[in-house]
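J.:
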């Protein structure tokens with residue numbers, strides 16, 4: 223059985239699944255729209271939580287938050303289910319397919335057979351859509367892939383029951399109700415306001431303030447922990463920033479695309495200018511990644527190099543702060 | 060980023076015949092999407108992280124060979140796990156796993172406990188028991 227489902231490759235798995243599921247239900251919303259309305263732009267620094275032997279940085283909100291927020295603001299109802307028994311999880315999924323419902327799943331990446339070996343980490347908040355079952359294999363639309371794939375029953379069970387941080391526990395979700403008339407203008411405004419609120423939050427762990435904290439920590443790591451550890455931390459920062467499914471530069475560009483669409487819908491030219499501004503900031507994030515990579519290519523570099531990285535990150539934080547302040551006023 | 064500036068470097072995506080989508084601007088500064096085969100900068104970060112993992116695996120292997128650590132430590136590193144991930148796959152408390160990482164304690168483990176670890180690593184109990192790091 224194969225449901226009528228169109229696979230679109232996207233930049234980020236969660237927006238991608240959301241956008242693909244909604245298009246399937248007749249609501250045409252682009253990936254950037256979901257991302258913007260769901261307030262996908264974020265920054266959090268958790269220095270005490272060690273991920274992959276480095277402090278936790280994240281350029282994204284908690285997994286699931288983007289789709290949940292977007293759905294709430296658009297008046298869409300999503301049904302989410304988890305199962306303690308893997309057999310029940312499979313039965314529920316199959317029942318959905320029989321009822322012609324393409325279904326979103328949260329899965330772990332480590333055992334995803336079609337992923338390149340180097341990308342298999344114990345990261346449990348990846349998203350994909352199951353849109354059918356043929357010859358005992360589930361048909362998979364993974365939004366970060368160019369093409370659709372399939373997984374055997376055992377393979378799918380393994381990724382749905384991945385363990386460790388944020389275990390999916392068979393988590394599946396699908397939209398159950400989409401309003402006839404979606405109030406896009408209101409939803410866009412809510413999404414933008416929420417993003418500005420988070421990024422300008424007066425607490426050190428999130429938003430622009432957290433970026434500054436990380437920036438100021440870079441030279442301190444170098445002093446206290448030495449070059450090797452510091453370079454590993456910085457490598458982690460790039461991976462969090464530019465790798466599939468997360469995003470510094472990449473996310474700024476999606477946001478730029480969102481603001482460009484929003485400018486037309488809200489008939490607000492200022493948003494178009496701000497789209498250009500966040501694009502330029504995205505370019506700076508990418509330059510920052512280049513600078514970091516340069517540091518660990520020339521191992522015996524000058525001692526002030528970490529100071530300079532710190533300065534460029536502080537500079538980006540300043541630009542972002544100004545950007546969110548303008549954005550808040552613009553709507 | 061402009062569409063023409065999008066890097067098309069060779070990366071680890073190639074092995075799976077994948078590309079990635081990025082949002083870029085066209086000649087009129089309008090947003091569009093484009094596919095990229097990879098970016099050297101990201102590859103460098105990923106390679107660094109993998110090199111670190113390999114270093115840890117090698118260190119664990121030597122520790123097992125020198126009877127400082129039990130095979131559990133080696134296979135944990137080999138599967139890119141940490142204590143938290145392994146404990147949840149094996150269904151045990153972290154402090155218990157930590158204890159089993161000692162060669163002396165490991166030797167006393169029952170078949171059923173060993174089976175839990177072997178399943179978590181996707182190997183047989185014999186493979187786990189007989190690994191000596193040499």
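Residue numbers (the numbering used here), protein chains in the order written: chain A, 223 to 553; chain B, 60 to 193. All C-beta atoms in this analysis are idealised placements derived from N, C-alpha and C, irrespective of residue type, glycine included.
(1) Leaving out five residues before and five after residue 543 of chain A in sequence, what residues of the same chain have Cβ atoms less than 6 Å from its Cβ?
(2) So, does the segment 545 to 552 of chain A touch the segment 493 to 504 of chain A, judging by three or more C-beta pairs under 8 Å?
(3) Could you check what DSSP says for residue 480 of chain A in three-state terms: helix, strand or coil?
(4) Let me confirm a value: residue 313 of chain A is counted as buried when at least 16 other C-beta atoms fall within 10 Å, else exposed. Which label applies?
(5) In its own chain, which residues sit with a C-beta less than 8 Å from the C-beta of residue 158 of chain B, not counting the 5 before and 5 after it?
(6) Contact defined as beta carbons within less than 8 Å: I believe residue 132 of chain B pairs with residue 190 of chain B. What is the distance between those atoms, to the nearest angstrom?
(7) Could you tell me whether any Cβ in chain B is nearer than 8 Å to the Cβ of residue 583 of chain A?
(8) Using the rule of at least 16 other Cβ atoms within 10 Å of the residue's Cβ for burial, across every protein chain shown, is residue 152 of chain B buried or exposed?
(9) Could you please give me the residues that DSSP links to residue 67 of chain B through a beta bridge?
(10) Is the beta carbon of residue 539 of chain A less than 8 Å from the beta carbon of residue 433 of chain A?
(11) Near residue 436 of chain A, what residues of its chain come up, given a Cβ to Cβ distance below 6 Å and the 5 sequence neighbours on each side ignored?
(12) Can you tell me which of A:258, A:425, A:231 and A:491 puts its alpha carbon nearest to the alpha carbon of residue 475 of chain A?
(13) Would you call the CB atoms of residue 370 of chain A and residue 234 of chain A closer than 8 Å?
(14) Work out the CA separation of residue 149 of chain B and residue 66 of chain B for me, nearest whole Å.
(15) Excluding sequence positions up to five away, which residues of its chain have a Cβ less than 7 Å from the Cβ of residue 480 of chain A?
(16) Contact defined as beta carbons within less than 8 Å: I believe residue 73 of chain B pairs with residue 112 of chain B. What is the distance between those atoms, to the nearest angstrom?
(17) Starting from residue 82 of chain B, trace the beta strand (DSSP E) both ways and give me its first and last residue.
(18) Taking only beta-carbon atoms, is residue 460 of chain A less than 8 Å away from chain B?
(19) Let me check understanding here. Comparing Cα to Cα, which of A:509, A:269, A:247 and A:308 lies closest to residue 464 of chain A?
(20) Counting only the same chain and skipping the five closest in sequence on each side, list residues whose C-beta sits under 6 Å from that of residue 249 of chain A.
(21) Could you list which residues in chain A have their beta carbon closer than 8 Å to that of residue 111 of chain B, in chain order?
(22) Just to confirm my understanding: we take residue 472 of chain A, look at its own chain, exclude 5 residues before and 5 after, and list those with CB closer than 7 Å. What are they?
(23) I need the DSSP call for residue 428 of chain A, collapsed to helix, strand or coil.
(24) Tell me the start and end of each unbroken beta strand (DSSP E) in the segment 344 to 404 of chain A that is at least 3 residues and wholly inside, in chain order.
(25) Using a Cβ-Cβ cutoff of 9 Å, what residues of the segment 71 to 82 of chain B are near chain A? List them in chain order.
(26) Given a cut-off of 8 Å, decide if residue 457 of chain A and residue 95 of chain B are closer than it, judged by their beta-carbon atoms.
(27) Against chain B, with Cβ distances strictly below 8 Å, would residue 482 of chain A count as a contact?
(28) Got a sec: which bits of the segment 84 to 102 of chain B sit with their beta carbon under 8 Å from any beta carbon on chain A, in order along the chain?
(29) Counting pairs of Cβ atoms below 8 Å between the segment 292 to 311 of chain A and the segment 360 to 376 of chain A, do you hit three or more?
(30) Quick check: the segment 398 to 417 of chain A against the segment 353 to 360 of chain A, are there 3 or more CB pairs under 8 Å?
(31) Along the segment 137 to 156 of chain B, where does the CB come closer than 7 Å to a CB of chain A? Name the residues.
(32) Name the chain A residues that come within less than 7 Å of residue 187 of chain B, Cβ to Cβ?
(33) Kindly indicate if chain B contains any beta-carbon less than 8 Å away from that of residue 396 of chain A.
(34) Hey, which unbroken runs of the beta strand (DSSP E) at 3 residues or more fall wholly within the segment 248 to 281 of chain A?
(35) Extract the residue ranges of the beta strand (DSSP E) inside the segment 88 to 170 of chain B, only unbroken runs of 3 or more that lie entirely within it.
(36) Looking at the unbroken beta strand (DSSP E) that takes in residue 488 of chain A, where does it start and where does it end?
T.: Put simply:
(1) Mapped onto the first chain, residue 543 of chain A falls at position 321. Around residue 543 of chain A: 430.
(2) yes
(3) Position 258 of the first chain holds residue 480 of chain A. Helix at residue 480 of chain A.
(4) For this step, residue 313 of chain A is matched to residue 91 along the first chain. Residue 313 of chain A should be labelled exposed.
(5) Here residue 158 of chain B refers to the residue found at position 99 of the second chain. Taken in chain order, the residues that qualify are 164.
(6) Counted from its first residue, the second chain places residue 132 of chain B at position 73. Counted from its first residue, the second chain places residue 190 of chain B at position 131. Contact doesn't hold; Cβ gap of about 10 Å is too wide.
(7) Residue coverage of chain A in this structure runs from 223 to 553, which leaves residue 583 of chain A outside it and unanswerable.
(8) Position 93 of the second chain holds residue 152 of chain B. Exposed: under 16 other Cβ atoms inside 10 Å.
(9) To locate residue 67 of chain B, count along the second chain from 1; it is residue 8. According to DSSP, residue 67 of chain B bridges with B:97.
(10) Along the first chain, one-based indexing puts residue 539 of chain A at 317. Along the first chain, one-based indexing puts residue 433 of chain A at 211. A contact, by the Cβ cut-off of 8 Å.
(11) Mapped onto the first chain, residue 436 of chain A falls at position 214. Correct list, in chain order: 267.
(12) As a first step, residue 475 of chain A is located in the first chain; it is residue number 253 there, counting from the start. Cα-wise, what sits closest to residue 475 of chain A is A:258.
(13) By 1-based counting over the first chain, the position of residue 370 of chain A is 148. By 1-based counting over the first chain, the position of residue 234 of chain A is 12. Contact flag unset, no.
(14) As a first step, residue 66 of chain B is located in the second chain; it is residue number 7 there, counting from the start. As a first step, residue 149 of chain B is located in the second chain; it is residue number 90 there, counting from the start. Roughly 42 Å between the two C-alpha positions.
(15) In the first chain, the residue the question calls residue 480 of chain A occupies position 258. Excluding positions up to five away in sequence, the list reads 254, 255, 257 and 258.
(16) In the second chain, the residue the question calls residue 73 of chain B occupies position 14. In the second chain, the residue the question calls residue 112 of chain B occupies position 53. Incorrect: roughly 20 Å between the Cβ atoms, too far for contact.
(17) In the second chain, counting from the first residue as 1, residue 82 of chain B sits at position 23. Per DSSP, residue 82 of chain B belongs to the beta strand (DSSP E) from 79 to 84.
(18) Locating residue 460 of chain A in the first chain gives position 238, where the first residue counts as 1. Yes, residue 460 of chain A lies at the interface with chain B (some Cβ there is under 8 Å from its Cβ).
(19) Stepping through the first chain from its first residue, residue 464 of chain A is reached at position 242. When each option's Cα is compared against that of residue 464 of chain A, the closest is A:509.
(20) Position 27 of the first chain holds residue 249 of chain A. These residues qualify, in order along the chain: 400.
(21) Here residue 111 of chain B corresponds to residue number 52 of the second chain, with the count starting at 1. Neighbours of residue 111 of chain B on chain A, chain order: 275 and 454.
(22) Indexing the first chain from 1 puts residue 472 of chain A at position 250. So the qualifying residues of the chain are 233 and 464.
(23) Translated into the one-based positions of the first chain, residue 428 of chain A becomes position 206. Of the three classes helix, strand and coil, the one that applies to residue 428 of chain A here is strand, per DSSP.
(24) 348 to 356, 359 to 363, 371 to 374 and 394 to 399
(25) 71, 72, 73, 74, 75, 76, 77, 78, 79, 80, 81 and 82
(26) Counting from 1 along the second chain, the entry for residue 95 of chain B is found at position 36. Counting from 1 along the first chain, the entry for residue 457 of chain A is found at position 235. Cβ atoms of residue 95 of chain B and residue 457 of chain A: not closer than 8 Å.
(27) For the purposes of this step, residue 482 of chain A is taken as residue 260 along the first chain, with counting starting at 1. Yes, residue 482 of chain A lies at the interface with chain B (some Cβ there is under 8 Å from its Cβ).
(28) 84, 88, 89, 90, 92, 94, 98, 99, 100 and 101
(29) no
(30) no
(31) 139, 140, 143, 144, 147 and 148
(32) Mapped onto the second chain, residue 187 of chain B falls at position 128. Result: empty, since nearest Cβ-Cβ is about 18 Å, beyond 7 Å.
(33) As a position in the first chain, residue 396 of chain A is number 174, starting the count at 1. So no, residue 396 of chain A is outside the interface.
(34) 266 to 273 and 276 to 280
(35) 90 to 95
(36) Position 266 of the first chain, counting from 1, holds the residue named residue 488 of chain A. Taken as a continuous stretch (DSSP letters only), residue 488 of chain A belongs to no beta strand (DSSP E), as it is neither H nor E.
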